[in-house]
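I have placed the structure first, in the form of structure tokens, so that the comments after it can refer back to it.
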Amino acid sequence: MRHFDVVVVGGGPAGSSCARQLTADGASAAVVDRADFPRLKLCAGWVTPQAMAALDLTPEQYPHSFLTFRRFHVHLFGMHLKAKTLQHSVRRYEFDDYLLARSGAPVFNHYVRNVVRHDGRYVIDDAFSCEYLVGAGGTKCPVYKTFFREANPRAKILQTVTLEHEFSYDWADGDCHLWFFKDKLPGYAWYVPKGKGHLNVGLGGMADKLKSRGGDIKQHWSRFKSCWATNPSPATSTSNPPVIATTYAVTSRQFVSTTPSLWAMPSVWRLATSAKASDRQS
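Going by our numbering, the sequence shown wraps up at 298, each residue one higher than the last.
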């Protein structure tokens with residue numbers, strides 16, 4: 017069994033950033049992830065300058081696909097609004113792998129099935145043990161399921177569903193486009209160009225509202241493709257990778273350590289990016 021001061025479950029940007037800081041501060045930290053990096057990770061990949069600063073990373077330092085756009089378009093109820101901005105886009109396939117390698121922490125390809133507290137340590141599948149445990153595994157994070165789900169369950173009403181597609185494409189429009197509530201979708205669609213000839217398009221919405229309206233995300237996807245009538249549609253590009261459907265649970269930013277029953281389980285954290293919560297038990 018391998019022992020570390022800290023085990024981070026999940027090698028995405030949250031997990032790798034945590035491991036990097038722990039390693040820099042002298043802690044013995046390891047990252048455990050079920051995927052072998054680089055791995056497929058469809059995402060619009062929209063990165064703000066603030067996020068880059070938080071990652072201590074400049075565009076000049078980053079060696080992979082990277083695009084800066086200074087304007088984005090909002091399409092809302094027939095209106096076309098343009099806004100000046102300074103934003104970036106990346107391919108998560110490259111970005112996450114780069115950040116994980118940069119962390120300096122050892123990375124283990126392992127599917128976490130069981131986490132227990134034993135003799136003052138956390139034991140993971142009898143393969144790893146640690147004094148401190150960090151969950152950064154996204155919506156299916158085993159740390160969340162074991163220590164946080166009962167006290168802080170994800171509300172069904174906040175579940176979202178998405179369909180998206182990323183592919184090689186010689187795009188001409190280098191701006192980002194967002195379509196809100198198009199065809200009564202309880203959410204939005206996006207067009208995000210990326211560096212070195214890649215493009216991500218997709219749409220998503222609140223699953224509960226979509227169901228109550230008798231809608232279907234695939235129907236919205238078909239209508240969204242019709243917007244590309246004058247250009248090759250994403251689904252008929254020559255690369256033709258699969259369209260990926262995913263679901264997410266958006267949670268409020270509540271620190272579950274305020275629940276008294278959780279004080280008995282010390283030194284475990286759950287980290288997340290985007291709209292998901294960052295919780296701590298201490």
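Glycine residues also receive a C-beta, built at the ideal position from the N, C-alpha and C atoms.
Check whether Val90 and Phe196 have beta carbons under 9 Å apart: For the purposes of this step, residue 90 is identified with residue 74 of the sequence shown, where counting begins at 1. For the purposes of this step, residue 196 is identified with residue 180 of the sequence shown, where counting begins at 1. In this structure, Phe196 lies closer than 9 Å to Val90 by Cβ.
Compute the Euclidean distance between the alpha carbons of Asp72 and Lys227, then round it to the nearest angstrom. Your numbering for residue 72 matches position 56 in the sequence shown. Your numbering for residue 227 matches position 211 in the sequence shown. Using only the alpha carbons, I get a separation of about 42 Å.
Using the C-alpha atoms, what's the distance from Val106 back to Val63? As a working mapping, residue 63 is identified with position 47 in the sequence shown. As a working mapping, residue 106 is identified with position 90 in the sequence shown. Cα to Cα, the separation comes out at about 7 Å.
Met222 versus Tyr207, Arg133, Leu174, residue with shortest Cα-Cα distance: What you label residue 222 is simply residue 206 of the sequence shown in a count that begins at 1. Minimum Cα distance to Met222 is reached at Leu174.
For the alpha helix (DSSP H) holding Leu179, just list the boundary residues, first then last. Here residue 179 refers to the residue found at position 163 of the sequence shown. No alpha helix (DSSP H) holds Leu179; the beta strand (DSSP E) holding it covers 175-184.
For Asn125, list the residues DSSP reports as bridge partners. Locating residue 125 in the sequence shown gives position 109, counting from the first residue. Its beta-bridge partners are Asp49.
Are the beta-carbon atoms of Val47 and Leu149 separated by less than 9 Å? As a first step, residue 47 is located in the sequence shown; it is residue number 31 there, counting from the start. As a first step, residue 149 is located in the sequence shown; it is residue number 133 there, counting from the start. No, they are not a contact pair.
Identify, in the order they occur along the chain, each residue of the same chain with its Cβ nearer than 6 Å to the Cβ of Trp237, setting aside the five sequence neighbours on each side. For the purposes of this step, residue 237 is taken as residue 221 along the sequence shown, with counting starting at 1. Excluding positions up to five away in sequence, the list reads Leu179.
Proximity of Phe53 and Val123 at Cβ, strictly below 9 Å: Taking the sequence shown and counting its residues from 1, one reaches residue 53 at position 37. Taking the sequence shown and counting its residues from 1, one reaches residue 123 at position 107. Contact flag set, yes.
Taking C-alpha atoms, which residue in Thr162, Ser119, Asp112, Arg36 lies nearest to Trp285? Stepping through the sequence shown from its first residue, residue 285 is reached at position 269. Out of Thr162, Ser119, Asp112, Arg36, Thr162 has the C-alpha closest to the C-alpha of Trp285.
Is the beta carbon of Asn216 sitting closer than 9 Å to the one on Gly42? Here residue 216 corresponds to residue number 200 of the sequence shown, with the count starting at 1. Here residue 42 corresponds to residue number 26 of the sequence shown, with the count starting at 1. The answer is no: Cβ separation not under 9 Å.
Would you mind working out which of Arg118, Leu97, Arg108, Ile140 sits nearest Val22, comparing C-alpha positions? Mapped onto the sequence shown, residue 22 falls at position 6. It is Ile140 whose Cα lies nearest to the Cα of Val22.
Measuring CB to CB, does Arg87 end up less than 9 Å from Lys98? By one-based count along the sequence shown, residue 87 stands at place 71. By one-based count along the sequence shown, residue 98 stands at place 82. Yes, the Cβ-Cβ distance between Arg87 and Lys98 is below 9 Å.
Tell me where the beta strand (DSSP E) around Arg137 begins and ends. To locate residue 137, count along the sequence shown from 1; it is residue 121. Taken as a continuous stretch (DSSP letters only), the beta strand (DSSP E) holding Arg137 covers 137-140.
Sequence-distant residues of the same chain with beta carbon closer than 6 Å to Gly153, five excluded per side: By 1-based counting over the sequence shown, the position of residue 153 is 137. Cβ neighbours of Gly153 beyond the five flanking positions: Val25, Gly26.
Three-state secondary structure assigned by DSSP to Trp12: Because the chain spans 17 through 298 in this model, residue 12 falls outside it and cannot be assessed.
Alpha helix (DSSP H) segment containing Tyr109, residue limits: Here residue 109 refers to the residue found at position 93 when the sequence shown is read from its first residue. Residues 108-118.
Where Gly213 falls, given that 16 or more other Cβ within 10 Å makes a residue buried: The count along the sequence shown starts at 1 and reaches residue 213 at position 197. Gly213 comes out exposed.
Ser228 - containing beta strand (DSSP E), residue span: Numbered from 1 along the sequence shown, position 212 holds the residue referred to as residue 228. Element bounds for Ser228: not the beta strand (DSSP E) but the alpha helix (DSSP H), 223-228.
Rounding to the nearest angstrom, what Cα-Cα distance links Lys234 and Pro202 in this structure? Taking the sequence shown and counting its residues from 1, one reaches residue 234 at position 218. Taking the sequence shown and counting its residues from 1, one reaches residue 202 at position 186. Going by the C-alpha atoms only, they are around 14 Å apart.
Can you tell me whether Leu38 is buried or exposed, with buried defined as 16 or more other CB within 10 angstroms of its CB? Start at 1 with the first residue of the sequence shown, and residue 38 comes out as number 22. Under this definition Leu38 is a buried residue.
Excluding five sequence neighbours on each side, which residues of the same chain lie with their C-beta closer than 7 Å to the C-beta of Leu56? Your numbering for residue 56 matches position 40 in the sequence shown. So the list reads Tyr109, once near-sequence residues are dropped.
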